[in-house]
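Q:
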């Protein structure tokens with residue numbers, strides 16, 4: 254949260270968009286929205302250690318750590334969770350422990 258606050262404070266008049274692995278917990282979303290930013294609902298979890306065994310020894314749970322956080326004038330639509338795997342030497346695997354977030358942005 255402090256890093257996000259620093260970005261906003263350094264550019265208060267800009268249309269800020271932060272998309273990616275923010276490791277933001279559900280409990281932090283209200284504070285982000287209260288600051289005047291938008292946090293679109295996600296269509297599903299961006300972390301699912303039942304389906305994605307990137308870290309084989311991690312505890313199994315689902316959550317949404319990857320987020321899209323925007324200035325109110327920036328509209329995000331068609332958000333999708335991309336769970337794609339890489340296939341190499343006849344083995345398939347995820348290249349990250351988080352699933353990718355994809356959508357369209359209107360400035």
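In this note's numbering, the protein residues as written are 254 to 360. Heads up, the beta-carbon is just placed ideally off N, CA and C, and yes, glycines get one too.
1) Between which residues of its own chain and residue 351 is the CB-CB distance below 7 Å, once the five residues before and five after are set aside?
2) I think residue 339 touches residue 268, with their Cβ atoms under 8 Å apart; what is that distance to the nearest whole Å?
3) Could you give the C-beta distance for residue 358 and residue 334, rounded to a whole number, given that I count them as a contact under 8 Å?
4) Report yes or no: is there a C-beta of chain B within less than 7 Å of the C-beta of residue 342?
5) Can you tell which of 322, 303, 256 and 341 has the C-alpha that lies nearest to the C-alpha of residue 290?
A: With the structure as the only source:
1) Answer for residue 351: 274, 299, 300, 318 and 319, listed in chain order.
2) With 8 Å as the limit, residue 339 and residue 268 do not qualify as a contact, their Cβ atoms being about 34 Å apart.
3) With 8 Å as the limit, residue 358 and residue 334 do not qualify as a contact, their Cβ atoms being about 17 Å apart.
4) Protein chains in the displayed structure number just one, and chain B is not present.
5) 322
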